[in-house]
Amino acid sequence: MEELKGENENYAAIEVALINEKLQPELAAQYDYYLVPTYFINANKVHEGAASKETVRNVFEKFLAQS
3 MEELKGENEN YAAIEVALIN EKLQPELAAQ YDYYLVPTYF INANKVHEGA
53 ASKETVRNVF EKFLAQS
């Protein structure tokens, strides 16, 4: 994720919140997911499970398209 942010200034501006389900169980319980990582944009699940660099790029592009 940080590598992509370094490659594209539009990606660098995207704020990403990381939730640790063990340290923040109340917050994690607010989201519908089974696998980690799971990516949400404005509370809408856009990807769940293993994430390649291309997957993260696609998530960032979806976010930018909605902004």
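In terms of my numbering, the sequence shown opens at residue 3 and continues consecutively. A virtual CB, placed ideally from N, CA and C, is assigned to each residue, including glycine. All values derive from a computational prediction rather than experimental measurement.
Residue i versus residue j - alpha carbon distance
i	j	result
Val18	Tyr41	9 Å
Leu66	Ala14	11 Å
Gly51	Asn60	14 Å
Glu11	Glu63	12 Å
Leu37	Glu9	27 Å
Met3	His49	14 Å
Residue environment, residue i, which counts as buried when at least 16 other CB atoms sit within 10 Å
i	result
Val58	buried
Beta carbon of residue i nearer than 8 Å to that of residue j
i	j	result
Ile21	Ala30	yes
Lys55	Asp34	no
Ile43	Gln68	yes
Cutoff 7 Å; reference residue i; Cβ partners in own chain excluding five residues on either side
i	result
Pro39	Ala53
Leu6	Tyr13, Lys55, Val58, Arg59, Phe62
Ile16	Phe62, Phe65
Residues that residue i bridges to, as DSSP identifies them
i	result
Asn46	Ile43
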